[in-house]
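Worksheet: one structure, shown below.
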Amino acid sequence: MNTQGESSSSSHLFYDVFLSFRGADTRKNFISHLYFRLCQVGVNTFIDNEELRKGDVISIELEKAIEESRVAIVVFSKNYASSSWCLDELVKILDCRERLNQLVLPIFYDVDPSQVRRQTGSFGEALAKHKERLVGAERMEKWKAALTEAASLSGWDLRNVADGYESRFIESILKEVLGLANQTPLDVAYHPVGVDYRVRDVDLVLQSGCEHEVRMVGIYGFGGIGKTTLAKAIYNRIFQQFSSCCFLSNVRLETEAFGIVKLQEKLLNQILKTKDVKVSSVAEGVNLIKARLGSKKVLIILDDVDHMNQLEALTRERCWFGSGSLIVITTRDEHLLCRLRENERYNAKLLNGNEAMQLFSLHAFNSPFPRHDYVNLAKDIIKYSGGLPLALVTLGSHLQGRSVEEWRYEFKKLREIPHCDIQKILQLSFDGLDDNTQSVFLDIAFAFHGFHKDKVTEALNACGFYSESAIATLFQRHLLQRPYLVMHDLVRDMGREIVRKESPGNPGKRSRLIKPQEVRDVLQGNKGSESVEVLVVEQDALRGVNLSTKAFQKMINLRVLIIDGELHIGGDFKLLSKELRWLSWIDCPLKCIPSNFPVEKLVVLNIQRSNIQEFGLNLQKFEEAGFH
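Numbering-wise (our numbering), the sequence shown opens with residue 18 and increments by one.
Right, here's the structure in full:
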């Protein structure tokens, strides 16, 4: 399947249908009736006149009309091949099929398709006469190849449709063409930067399978990376190659709002081009899909799938659909694609630096490049966006028309509070996690970002989490990257914003703390509470400050304490939380660990570059606590 050619978007199409025929055979009967009915129902149809058929080669006007048509109907009659015009026209049509994904529908009007395919009978005789007239060998080979290809496509044979009655035959053609003509391209993106490159990547996935089998392709990646945009672009490139198409948007939301049965109804009605199909249960919907779509070559795109039961109800088996069908699935959860072969999955990619600059600038400046006085700020915001199309489009549009000072203010604000539209989309991935996985995700976003998973699983398990399962899920949903626990910066910030909203005005009542100013205020003001479970004191947050252990006294549920820097803490260490599982104190100024230090549940103790010379408590207490 070729998706690498030129785009055949609606902006380049003028006609719904181009009619190719041998005038002497069919113009005054079949073609005139077919053309009349097509026009009568509003199908914009190109039909040539004799004035365009002057000379020996196809005219520029005809070539242009072919290129500007969504569908080409080729009417093969007994004397079709006797016309060099018709044969050149056919070559051009099949070229447009290859380059522009034009849909070609052959009609066999009182001729056997095998005669066209094999160039026997009247078609063989006509080609022999062309050869006698010294038609060039290369041109002859193109004609033969075009006849063979066109006759192999799905179409209509007058002898086998409507019992040979011409009027009923035309009505059956009309019904099919109406459905095809009414299939229009989807709106992809205002500025589809980088989309064509990624469509070519997916094309390589498509080419790995056989064109005549039912193929499935899964596009996966976290929210905002451009999966839906890519799926729409793929649809626009190839939808004309299928007898019926269906793009089911927002499968997750549609399922939540209306249920899977309504999605089954929508799929059936769009593919069958009707509004009459009603489904009463998921089981009935499955049976209808199998029964009604099994012989159809269809294109189905399921966008934003988030549960296996959606795939089970809509596209469980390849045998539900006709030969040559294609099913495209977009999802945030790679695990849902487990039934697809490895070479049927595509990991959606972030934009590279040049693409990110272009997309952001187009939305912020209506130009591929930023204005000179905005260049440095634009680079900062693009770096902050990390190649995520959602962020680049949202922030570019948000900043358009604003002054440099406003840009500086907005960027400073962004580093504290993410843009609400970006947060909303990214948080959908978080909201779809179970409580255990959400907790592990937030711990990583605050305390363990960049750590190797093997270093933190034991400590997280000691906190009561099933960390191996949670981390595996986060990898599958691409909220983490293997093997280190690395998040996209905006995904990490999304997690931190979720925690900020636990108590916007009182950081001491949040479950996790990391921002230096908030940590300083909570510790110096003794504002901590039993809500605090994870506390990260970054370097320089409290440099030169002397704290008492009383600052931690209220944090009775503190599980993780990370101090990166020389922080002086005095007082009774038994006031620290007995729930501590992880203590990391880089450059610890203490010379010994006090004997009353709570180690009962401690799993990890990291005291790199410390001044500790001895343990004030018996090392056996560490062993009894399971520490090693």
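No residue lacks a Cβ here, since even glycine has one placed at the ideal position from N, Cα and C.
It should be emphasised that the depicted structure is a prediction, and the values quoted were computed from it without experimental measurement.
8 Å Cβ cutoff met for S225 and N360: yes
L376: first and last residue of the uninterrupted alpha helix (DSSP H) it sits in: 370-382
Cβ shell of Y363 (< 6 Å), same chain only, five flanking positions each side left out: In the same chain as Y363, and ignoring 5 residues on each side of it, the C-beta atoms closer than 6 Å to its own belong to V219, V222, I236, in chain order.
Local conformation of E68 per DSSP, three classes: Because E68 carries a pLDDT of 48, less than 50, the predicted location of this residue cannot be relied on, and no value is offered for it.
Heavy atom of the ligand NAP within 7 Å of V58 beta-carbon: Ligands displayed in this structure: none; no statement on the ligand NAP is therefore possible.
Residue burial classification, V128 (beta-carbon count within 10 angstroms, cutoff 16): buried
Test item: CB-CB of F465 and V473 under 8 Å: With contacts defined by Cβ atoms closer than 8 Å, F465 and V473 form a contacting pair.
Per-residue DSSP class, three states only, for A558: coil
Range of the contiguous alpha helix (DSSP H) that encloses W102: 101-117
Touch test, the region 589-601 against the region 496-509, Cβ-Cβ under 8 Å, three pairs minimum: no
Own chain residues within Cβ distance below 6 Å of W160, not counting five before or after: L104
Simplified DSSP assignment, three categories, for Y483: Three-state DSSP puts Y483 in coil, outside helix and strand.
Where I242 sits in the DSSP three-state scheme: Reduced to three states, the DSSP call for I242 is coil.
Beta carbon of V278 nearer than 8 Å to that of G302: yes
Contact belief for P123 with V152 at Cβ below 8 Å, rounded distance in angstroms: Actually they are not in contact, since the Cβ atoms of P123 and V152 sit about 23 Å apart, beyond 8 Å.
Nearest residue (CA-CA) to S131, options D174, V121, A89, E158: D174
Rounded separation between I346 and L559 - CA only: 50 Å
Where I531 falls: helix, strand or coil (DSSP): coil
Range of the contiguous beta strand (DSSP E) that encloses L622: Under the DSSP assignment, L622 falls in the beta strand (DSSP E) whose first and last residues are 621-623.
Proximity winner among E106, K400, Y97, S49, relative to S76 (alpha-carbon distances): Here the closest residue by C-alpha is E106.
Chain-order list of residues whose beta-carbon lies under 6 Å from that of R576 (same chain, five-residue window excluded): C480, E550, E596, R598
Pairwise C-alpha distance: L491 and K292: 40 Å
6 Å CB neighbourhood of R87 in its chain, flanking five on each side removed: L30, D33
Inter-stretch contact (C-beta, 8 Å, three-pair minimum) for the region 336-354 and the region 309-321: yes
Beta-carbon contacts of T43 that lie in its chain and below 8 Å, excluding the five residues immediately before and after: V92, S94, Y126
The region 249-268 in contact with the region 369-379 per 3-pair CB rule at 8 Å: no
Distance between L450 and G542 (C-alpha atoms, nearest Å): 35 Å
Residues that DSSP places opposite F35 in a beta bridge: F63, A89
Simplified DSSP state of Q417, which is helix, strand or coil: coil
Backbone secondary structure at H208 - three-state DSSP: In the structure shown, H208 sits in coil (DSSP, three-state: anything other than H, G, I, E or B).
Span of the beta strand (DSSP E), counted from its first residue to its last, around I573: Run containing I573: none; DSSP gives neither H nor E here.
Residues sharing a beta bridge with C263, DSSP: I317
Reduced DSSP secondary structure (H/G/I, E/B, other) of L30: In the three-state DSSP reduction, L30 falls in the coil class, being neither helix nor strand.
Neighbour-count burial assignment, A248, 16 or more Cβ in a 10 Å radius: Counting Cβ neighbours within 10 Å, A248 comes out buried, since at least 16 surround it.
Assigned secondary structure, N628 (DSSP; H/G/I helix, E/B strand, else coil): coil
Selected residue, minimal CA-CA separation from S546, among L530, I629, L36: L530
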